[in-house]
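Q:
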Amino acid sequence: MRLLLIGPPGAGKGTQAVRLAARLSVQHLSTGDLFREHIDRDTELGRNAHTHMRAGLLVPDAVTIGVIQERLARPDTERGFLLDGFPRNLAQAEALDGILADAESRLDAVVDLEIPDAEVVRRIAGRRVCRRDNAHIFHVEYSPPEVAGVCEVCGGPLYQRDDDREATVRKRLEVYRGLTAPVVGHYRAKGLVTTISALGHVQEVLDRALVAIGRGQVDASGASSC
Ligand code: AP5
62 MRLLLIGPPG AGKGTQAVRL AARLSVQHLS TGDLFREHID RDTELGRNAH
112 THMRAGLLVP DAVTIGVIQE RLARPDTERG FLLDGFPRNL AQAEALDGIL
162 ADAESRLDAV VDLEIPDAEV VRRIAGRRVC RRDNAHIFHV EYSPPEVAGV
212 CEVCGGPLYQ RDDDREATVR KRLEVYRGLT APVVGHYRAK GLVTTISALG
262 HVQEVLDRAL VAIGRGQVDA SGASSC
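Printed below as a string of structure tokens:
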């Protein structure tokens, strides 16, 4: 299965992507995590990306498309993939369509996470991520680790991302509305998009996402399960 998870910063894309990818046995590809790995390794690409990320801006398309094209060419995506944070503007969406068409492949579904700005601010303000693996995500109030400041998956130190400051978050939301939201329309026109609420417990959102992609069930009360 080839999926795309889209939504504003802090909507819970990373949180859901890890769970969905495990459930579907597909590769989770997050451009944000790929850039943060480059930043940690202090590569030239990482230093370039960091300048844009700190300002809440998109990393230039040439860099981003190159990174994802290289990643999609690796054999571990042959069974499928879940894209988290890419594409983020129409040029990236068209590039992805081209990459997949060249490989005689296509997206199966797009899940669009909907969330009010006030909840985005609460989620981002309390987010802590693991220095060893950015896919290990916690929240000081909603999903605190057993020991404060320590990742309960691998024991790594938790930290607050430097693009999670309030002014940067406001910029990221503005960029999302201006550049990324039109990507939803691009895929809606192809009949691929299901919009779901990102509110509620992590498991509830996961259940909704599974229903949206045809891998869950809706019971008589209207609640979804899998
Ligand atoms: P990226 O890392 O992709 O950030 P983002 O899209 O802004 O999304 P976030 O990672 O902030 O949030 P999320 O939706 O994953 O939420 P999470 O699961 O962590 O990108 C960062 C930057 O990299 C960009 O600004 C840009 O500069 C650059 N970049 C990346 N991709 C690019 C591209 N394609 N082109 C150009 N530039 C690119 O959850 C948030 C918090 O909420 C956590 O604490 C979590 O524990 C909590 N939470 C999650 N779900 C729930 C729930 N149901 N209930 C309560 N709490 C919850």
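Residue numbering for the sequence shown follows my numbering, starting at 62 and increasing by one per position. Ideal Cβ positions, reconstructed from N, Cα and C, are used throughout, including at glycine. Since the structure is predicted, the reported quantities are computational estimates derived from the model, not experimental observations.
#1: Going along the chain, which residues of its own chain have a beta-carbon closer than 6 Å to the beta-carbon of His197, five neighbours each way excluded?
#2: Per DSSP, what kind of secondary structure is Ala284 in: helix, strand or coil?
#3: With distances taken from CA atoms, which of Gly277, Gln278, Arg276 and Leu64 is nearest Asp169?
#4: Could you check which residue in Val124, Ile129 and Gly107 has the C-alpha nearest to that of His89?
#5: Within 10 angstroms of its Cβ, does Pro177 collect 16 or more other Cβ (buried), or is it exposed?
#6: Taking C-alpha atoms, which residue in Ala72, Asp137 and Leu219 lies nearest to Ala179?
#7: Which same chain residues, not among the five before or five after Ser285, have their C-beta less than 6 Å away from its C-beta?
#8: Is there at least one non-hydrogen atom of ligand 1 closer than 8 Å to the beta-carbon of Arg102?
#9: Pick out the complete beta strand (DSSP E) segments inside the stretch 127-193, 3 residues or longer, and give them in chain order.
#10: Span of the alpha helix (DSSP H) holding His113?
#11: Met263 lies in the alpha helix (DSSP H); which residues open and close that run?
#12: Restricting to Cα atoms, I'd like to know which of Leu161, Arg222 and Gly146 is closest to Ser125.
#13: Thinking C-beta only, is Pro121 closer than 9 Å to Val244?
#14: Please report the Cβ distance between Asp173 and Thr256, rounded to the nearest whole angstrom; I am assuming they are in contact, meaning their Cβ atoms lie under 8 Å.
A: Taking the definition as stated:
#1: Excluding residues within five positions, the ones whose Cβ falls inside 6 Å are Cys191, Cys212 and Val214.
#2: Bear in mind that the predicted position of Ala284 carries a pLDDT of just 43, short of 50, making it too unreliable to give a figure here.
#3: Between Asp169 and the set Gly277, Gln278, Arg276 and Leu64, the nearest pair of CA atoms involves Leu64.
#4: Ile129
#5: exposed
#6: Ala72
#7: Summary for Ser285: the model assigns pLDDT 44, below 50, so the residue's position carries little reliability; its value from the coordinates is reported in the next sentence. So the list reads Asp268, Arg269, Val272, Gly277 and Val279, once near-sequence residues are dropped.
#8: no
#9: 142-145, 170-175 and 188-191
#10: Glu105 to Arg115
#11: Note that residue 263 corresponds to Val in the displayed sequence, not to Met. Element bounds for Val263: Val263 to Ala273.
#12: Inspection of the sequence shows that residue 125 is occupied by Thr rather than by Ser. That would be Gly146, whose Cα lies nearest to the Cα of Thr125.
#13: It is not a contact, given that the beta carbons lie outside the stated cut-off.
#14: 4 Å
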